[in-house]
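Residues in the sequence shown are numbered consecutively from 90, following my numbering. Just so it is clear, CB atoms sit at the ideal spot from N, CA and C, and this is done for glycine as well. The model shown is predicted, which means the values in this text are computed figures rather than measured ones. Taking it in order: structure first as structure tokens, then the write-up.
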Amino acid sequence: MFVARPTPGTKTLLRDVARERLRAEIISGRLRPGQRLDDDELALQLGCSRTPVREALADLGRLGLVELRANRYTRVAVPRDEDVLPALQALGLLFGGVVRLAVPSLSDRSRSSLFRRLGVLLDCMQEPGWMPTADAATPVYRTFINECHNPMLSAALLSSLDGLTFRLRNDRLHEALPWEHIRNGVVALRIAVDGRDGWRSERPGRCTCCRTRIAQTPVTGTTTRSEDMRSADRVPGVHPPGHPLRPSTSPDDRSVRPGGRAARRFRAV
């Protein structure tokens with residue numbers, strides 16, 4: 090299937106080589122979700138011992154690409170429906186910081202390349218399934234990471250990128266997410282890139298995270314959270330229960346003094 094080949098002239102650990110080869114096989118889909126992974130078989134195919142293979146699988150497990158159950162099985166991770174929303178929110182928040190720092194300093198060549206790639210992404214988002222969108226989004230992510238001059242932020246996103254995007258591999262992705270809002274966010278990002286506007290380029294990712302959060306239906310009650318948000322917008326300064334900007338009114342919360350102005354305002358809701 091594949092053979093581990095260290096780069097000539099460099100000292101590379103077999104563990105790192107095995108991890109990168111296995112990661113590439115999983116991301117490409119040649120190792121399918123749920124497929125069992127046998128240490129002995131992988132070691133034979135990689136041309137190394139079982140120890141670096143096991144270490145590589147442990148690293149991939151921490152990235153969320155492999156599921157390990159002691160004395161039971163080791164297999165390629167299976168994306169779950171409940172992971173789609175948290176993965177998109179985490180990706181949007183991390184990506185927003187990288188984009189804000191990278192966009193103002195883009196070279197003319199990088200700006201033109203990103204503008205074109207974002208256009209391709211918009212076209213792919215109209216196609217069914219997750220694969221066309223994932224294939225078009227990956228080079229966009231990589232380009233922004235390479236253009237970001239903050240190595241710590243870039244490393245944080247790069248280390249989690251594969252695991253987060255892997256969780257978005259869902260055949261019902263268009264149904265699970267507010268797809269039109271996300272597509273509008275890509276349009277806004279494309280405009281911000283063309284104008285080298287870092288602040289505006291960060292907003293689409295964060296707005297998408299907020300929209301995906303408030304679009305969910307609550308466990309109890311007959312109205313959705315998005316409906317509660319719209320009703321609260323008519324009363325300035327008042328947020329519905331559960332809103333992230335509404336402080337807790339629990340008796341244990343000492344940040345709101347009894348009888349204070351904030352306490353009176355919340356009591357009136």
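C-alpha of residue 124 to C-alpha of residue 165: approximately 5 Å in a straight line. When secondary structure is reduced to three states using DSSP, residue 155 falls in the strand class. Boundaries for residue 192: no alpha helix (DSSP H) harbours it, and the DSSP string shows neither H nor E there. Counting the other CB atoms within 10 Å of its CB gives residue 177 a total of 16 or more, which places it among the buried residues. In this structure, residue 287 and residue 189 form a Cβ contact; the two beta carbons are roughly 5 Å apart against a cut-off of 8 Å. Under the three-state reduction of DSSP output, residue 164 falls in the strand class.
Taking a contact to require three or more Cβ pairs closer than 8 Å, the region 97-116 and the region 130-147 qualify as touching.
Nearest to residue 168 by C-alpha distance, out of 160, 260 and 267, is 260. At the C-beta level, residue 285 and residue 193 come within 8 Å of one another.
For the options 283, 292 and 257, the alpha carbon positioned closest to that of residue 197 is the one of 283.
Here the region 255-270 lies against the region 212-222, with 3 or more beta-carbon pairs under 8 Å apart. Here residue 119 carries a coil assignment [DSSP, helix/strand/coil]. According to DSSP, residue pairing for residue 125 in a beta bridge involves 164. For residue 150, the closest alpha carbon among the candidates 248, 271 and 273 is that of 248. In this structure, the straight-line span from the alpha carbon of residue 113 to that of residue 183 is close to 23 Å. Secondary structure note for residue 101: it is in no alpha helix (DSSP H), with a DSSP letter that is neither H nor E. Residue 219 carries a coil assignment under DSSP once its states are collapsed to helix, strand and coil.
When DSSP states are grouped into helix, strand and coil, residue 239 belongs to the coil group.
In the DSSP assignment, residue 279 falls within the alpha helix (DSSP H) that extends over 268-283. In this structure residue 133 is exposed. Its beta-carbon is surrounded by fewer than 16 other beta-carbon atoms within 10 angstroms.
Residue 271 and residue 195 have their C-alpha atoms spaced approximately 23 Å apart. Contact check for residue 187 against residue 246 passes: the beta carbons are separated by less than 8 Å. Per DSSP, the unbroken alpha helix (DSSP H) holding residue 264 starts and ends at 262-265. Out of 277, 106 and 201, the CA that lies nearest to the CA of residue 211 is found in 277.
Ranked by Cα distance from residue 273, the first of 258, 290 and 257 is 290.
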